[in-house]
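Colleague:
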Amino acid sequence: MGKLLTENVVELDSGLTAVESKLGWTVIRKQNFRVKDNFLTTVSMHVGRMPLHELWELEVLGISDPTGTDKIENDLSDYKEKMKILPSGRYEVELPWKYDSMNLHDNMELTWKRHEKMINKRYNERPSRELRINEIVFIGDDNTKRLFWPLARIIELIPGRDRKIRTVRLKTQNGTVLPPAQRIFPLEIQSS
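For the sequence shown, the residue numbers in the UniProt record's numbering are 1 to 192.
Below is the structure:
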């Protein structure tokens, strides 16, 4: 063990002592190293009096976290207050039981706004061609399949008070009809 340590010992401004070994520098709590020969004996005595698991804890080096222990104690007392033992012998704990825990954010409002924006965008971007006279169209019916919708030819476009086309006069195989413009579906293929 004596060949592992060098003779370099530095006392830091914080009161800790840095000791150099062939493996690197080690920081230990404040030591008075006046004589270099006593260094090995002092370090081995210091290590010999302490449990092995404590060598890796920061408090051994003189570094302590004052808020860490308080937080753990607060969390533990809060947990004990909220814990209940039921008659069946089971435990029940209210969540969250951690001290100063934050609530999870609810994204429902954001999701709803995105949904409305997407629906409005899709509705507004719907490709709607202007109906034209002599165009061949389907007359839509909710009670029959599209395959059986009758074909018709537009004879007249009838605007509403807002000057938008609201009603259409159509010539069908059986005569003339006046359906609303919402029930008219142009063919996908358009004649030029």
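Cβ coordinates follow ideal geometry from the N, Cα and C atoms, glycine included. Quick caveat: nothing in here was measured; it's all calculated off a predicted structure.
CB residue 153 to CB residue 174, shorter than 8 Å?
Modeller: No, they are not a contact pair.
Colleague: From what residue to what residue does the beta strand (DSSP E) around residue 24 run?
Modeller: Taken as a continuous stretch (DSSP letters only), the beta strand (DSSP E) holding residue 24 covers 24 to 28.
Colleague: Looking at residue 29: is its Cβ nearer than 8 Å to the Cβ of residue 12?
Modeller: Going by C-beta atoms, residue 29 is not nearer than 8 Å to residue 12.
Colleague: Starting from residue 90, follow the beta strand (DSSP E) in both directions and report where the run begins and ends.
Modeller: From DSSP, residue 90 is part of no beta strand (DSSP E); its letter is neither H nor E.
Colleague: Just reading off the beta strand (DSSP E) that residue 107 is part of, what are its end residues?
Modeller: Where residue 107 is concerned, there is no enclosing beta strand (DSSP E), given that its DSSP letter is neither H nor E.
Colleague: Only counting the same chain, and skipping five residues up and downstream in sequence, which positions put a Cβ closer than 6 Å to that of residue 181?
Modeller: Once the five neighbours on either side are set aside, the close Cβ partners of residue 181 are 165, 166, 168.
Colleague: Which of the three DSSP states, helix, strand or coil, is assigned to residue 119?
Modeller: If DSSP states are grouped into helix, strand and coil, residue 119 belongs with the helices.
Colleague: Residues in its own chain within less than 6 Å of residue 5 by CB, not counting five upstream and five downstream?
Modeller: If we look at residue 5 and ignore the five residues flanking it on each side, its Cβ neighbours are 21.
Colleague: At what residues does the beta strand (DSSP E) containing residue 138 begin and finish?
Modeller: Start and end: 136 to 139.
Colleague: Please state whether the Cβ-Cβ distance between residue 178 and residue 136 is less than 8 Å.
Modeller: Not a contact, by the Cβ cut-off of 8 Å.
Colleague: Assuming contact is defined by CB atoms lying nearer than 8 Å, are residue 155 and residue 176 in contact in what I supplied?
Modeller: Yes, they are a contact pair.
Colleague: From residue 72 to residue 86, what distance separates their C-alpha atoms?
Modeller: Answer to the nearest angstrom: the Cα atoms are 26 Å apart.
Colleague: For the beta strand (DSSP E) holding residue 194, just list the boundary residues, first then last.
Modeller: The structure shown has nothing for residue 194, since the chain only spans 1 to 192.
Colleague: Residues in its own chain within less than 8 Å of residue 25 by CB, not counting five upstream and five downstream?
Modeller: For residue 25, where only same-chain residues beyond five positions count, the Cβ hits under 8 Å are 18, 19.
Colleague: Counting C-beta neighbours from all protein chains within 10 Å, is the total for residue 184 16 or more, i.e. buried, or is it exposed?
Modeller: The residue in question, residue 184, is buried, as its Cβ has 16 or more Cβ neighbours within 10 Å.
Colleague: Looking only at DSSP bridge pairs, what is residue 130 linked to?
Modeller: Note: residue 130 sits in no beta bridge, so no partner.
Colleague: What is the residue span of the beta strand (DSSP E) that residue 164 lies within?
Modeller: Taken as a continuous stretch (DSSP letters only), residue 164 belongs to no beta strand (DSSP E), as it is neither H nor E.
Colleague: Just how far apart, CA to CA, sit residue 109 and residue 132?
Modeller: Roughly 43 Å separates the two Cα atoms.
Colleague: Just grab the DSSP bridge partners of residue 76 for me.
Modeller: Its beta-bridge partners do not exist; DSSP assigns none.
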